[in-house]
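Here is the structure we will look at.
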Amino acid sequence: MRMYDLIAKKRDGMELDAQEIAYIIRGYVKGDIPDYQMSAFLMAVYFRGMTEQETLIMTNEVAKSGDMVDLSAIKGIKVDKHSTGGVGDKTTLIVAPIVASCGVKVAKMSGRGLGHTGGTVDKLESIPGYRTNLSQEEFFRVVNETGLSVIGQSGNLTPADKKMYALRDVTATVDNIPLIAVSIMSKKLAAGSDCILLDVKTGSGAFMKTLDDSIALAQEMVKIGENAGRKTVALITDMDTPLGNYIGNSLEVIEAVDTLNGKGPEDLTTVCLHLAANMMVLAGIGTLDACLKKAQNAIEDKSALQRLIAMVEAQGGDASVIKDTEKFAKARYMYEVKALKDGYVTKMDTEKCGIASVLLGAGREKKDSPIDFSAGIVLHKKTGDAVKTGDVLATLYASDEKLFVAAEEEYRNAVTIEKTQVLRNPLIYARITKEGVEKNDI
Ligand code: URA
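Using the working numbering, the letters of the sequence shown map in sequence onto residues 17 to 458.
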């Protein structure tokens, strides 16, 4: 077999078989296939797509390229959750403690921020002392003792995806449905949970900008999960506006704690209750309505907050910052972005909001750049809100005043103020199961 012929086959729109896909993935991980040939192959996939069968085979190959985690040492049903990435998306910090307090185990490996999107591992590391690099034994022990653990990806989870993702990032081949499905689902299959809930974001801050593409991605991923014997459901949720009001690492932990105290913003709280309820349905706890009630109770009686505190303590973190979020280290400087005219916020380019936060130091400019945990943005006006000249649209936080210049410009470009009020988008557009697409308007 020659890589040259396989590139040409995909370039000409033909279907690759299992042996050919195995040759490509294994050869690339071993280093036998160079980056320039893999780049050409990925670009051919970008334009020609992959059949359902090819996507399935490639997902399994990528999953098997490293460790396949065996979670059988953890008692009970394990449910994983994955978000396709967004701005202000701190849902894992809220949803995992809720479902753990309702008896569902969460053994979750999360990622770091990517481009304009934040990552749960970075957010958790803003808690002083919190360890995201537990050994497998420690990971299992924390889940068995507290019901949940969130850590970074182990060194040898899906090495093929790590290599391919880095290449896609620099060859303009990230935003492609089969390639995203392979990337996400290979990690989920390797991570070993029994059930998977996918939070597929849609809108200006998501990788998938249109609802149709988001539904197509969700359907592809649900098929892969079910085919691999994992119960899989996807919710399509809005990312045309940042989720909640806080963007940035410790800022998002603070908002997650507020939400677990019953004082979170309505959009974030609603999305989290539905994500949590769907995870519980997957675990066989009850109907969607019953699970929604359980999730609400877990916030009201603070049992979910207690789970978060237990996990933080078990992973070496200083839980005093969770018990009193005023104790989080504060950014040295703050700057208010004020409205220059009257009207209504009619649009927030959410990718630009994320970039503004990166420019303040909350995300990475380059792969290994350090992160400023206290940097970020607090939003005071969101899509649909009325504004008057001089109203504060957002407060920016940074450790270096010079960063405000570029961040303010980016943020102002992100926010459109017009004369006529618009309605906010739904928060949850659809629920995708193996049975099909249920349209929602929540
Ligand atoms: N998240 C992933 O893990 N992979 C992708 O390809 C896109 C988003």
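Don't be surprised by glycine CBs; every beta carbon is placed ideally from N, CA and C.
Status (buried if at least 16 other CB within 10 Å, exposed otherwise) for residue i
| i | result |
| --- | --- |
| Lys357 | exposed |
| Tyr44 | buried |
| Tyr39 | buried |
| Glu31 | exposed |
| Met350 | exposed |
| Ile385 | Before going further, note that residue 385 is Ser rather than Ile in the sequence given. By the 10 Å Cβ count, Ser385 comes out exposed. |
| Met180 | buried |
| Pro50 | exposed |
| Arg184 | buried |
| Ile445 | The sequence shown places Tyr at residue 445, not Ile. Buried is the call here. |
Nearest-angstrom Cα separation, counted from residue j out to residue i
| i | j | result |
| --- | --- | --- |
| His98 | Leu214 | 5 Å |
| Asp457 | Met224 | 19 Å |
| Lys339 | Val287 | 24 Å |
| Thr257 | Val361 | 11 Å |
| Arg27 | Glu70 | 15 Å |
| Gln437 | Thr399 | 9 Å |
| Ser478 | Leu109 | Residue numbering for the chain in the displayed model covers 17 to 458; residue 478 lies beyond these limits and cannot be assessed. |
| Gly280 | Ala272 | 7 Å |
| Glu342 | Ser55 | 48 Å |
| Ile37 | Asp401 | 50 Å |
| Asp334 | Ala207 | 27 Å |
| Ser336 | Gly264 | 20 Å |
| Gly219 | Leu227 | 8 Å |
| Arg147 | Gly127 | 14 Å |
| Leu323 | Leu58 | It is worth fixing the name first, because residue 323 is Arg in this sequence and not Leu. One C-alpha to the other measures close to 42 Å. |
| Val190 | Phe155 | 31 Å |
| Thr107 | Lys450 | 24 Å |
| Ala314 | Asp274 | 14 Å |
| Gly135 | Met17 | 39 Å |
Residues sharing a beta bridge with residue i, DSSP
| i | result |
| --- | --- |
| Lys247 | Cys211 |
| Ser99 | Asp215 |
| Asp254 | Thr218 |
| Leu130 | Thr133 |
| Met125 | Ile167 |
| Glu454 | Arg447 |
| Ala402 | Tyr360 |
| Tyr146 | Tyr146 pairs with nothing; no bridge assigned. |
| Lys343 | Per DSSP, none; premise fails for Lys343. |
| Lys487 | Nothing can be reported for residue 487, as the shown portion of the chain is limited to 17 through 458. |
Opening and closing residue of the beta strand (DSSP E) in which residue i lies
| i | result |
| --- | --- |
| Ser165 | Leu164 to Gly168 |
| Glu434 | Val431 to Glu434 |
| Lys363 | Gly359 to Met364 |
| Leu409 | Val408 to Ala414 |
| Ile393 | Gly392 to Leu395 |
Limits of the alpha helix (DSSP H) - the one that residue i falls within
| i | result |
| --- | --- |
| Ser266 | Asn265 to Leu276 |
| Ala311 | Leu304 to Glu316 |
| Ser55 | Asp51 to Arg64 |
| Glu352 | Glu352 -> not in any alpha helix (DSSP H); beta strand (DSSP E) instead, spanning Tyr349 to Lys354. |
| Arg447 | No alpha helix (DSSP H) holds Arg447; the beta strand (DSSP E) holding it covers Ile444 to Thr449. |
| Ala288 | The question names Ala, but residue 288 in the sequence shown is Cys. First-last of the alpha helix (DSSP H) with Cys288: Glu282 to Leu298. |
| Asp105 | No alpha helix (DSSP H) contains Asp105, which DSSP labels as neither H nor E. |
| Thr187 | No alpha helix (DSSP H) holds Thr187; DSSP gives it neither H nor E. |
| Asn76 | Glu68 to Ala79 |
| Met327 | Ser319 to Ala330 |
Expected contact under 8 Å - CB spacing of residue i and residue j to nearest Å
| i | j | result |
| --- | --- | --- |
| Asn149 | Ile90 | That pair is no contact at about 19 Å. |
| Ala330 | Val158 | 5 Å |
| Ile240 | Ala197 | 6 Å |
| Ser81 | Ala176 | 4 Å |
| Leu267 | Val353 | About 15 Å separates the two Cβ atoms, so there is no contact after all. |
| Cys118 | Ala311 | 7 Å |
| Ile448 | Val238 | 5 Å |
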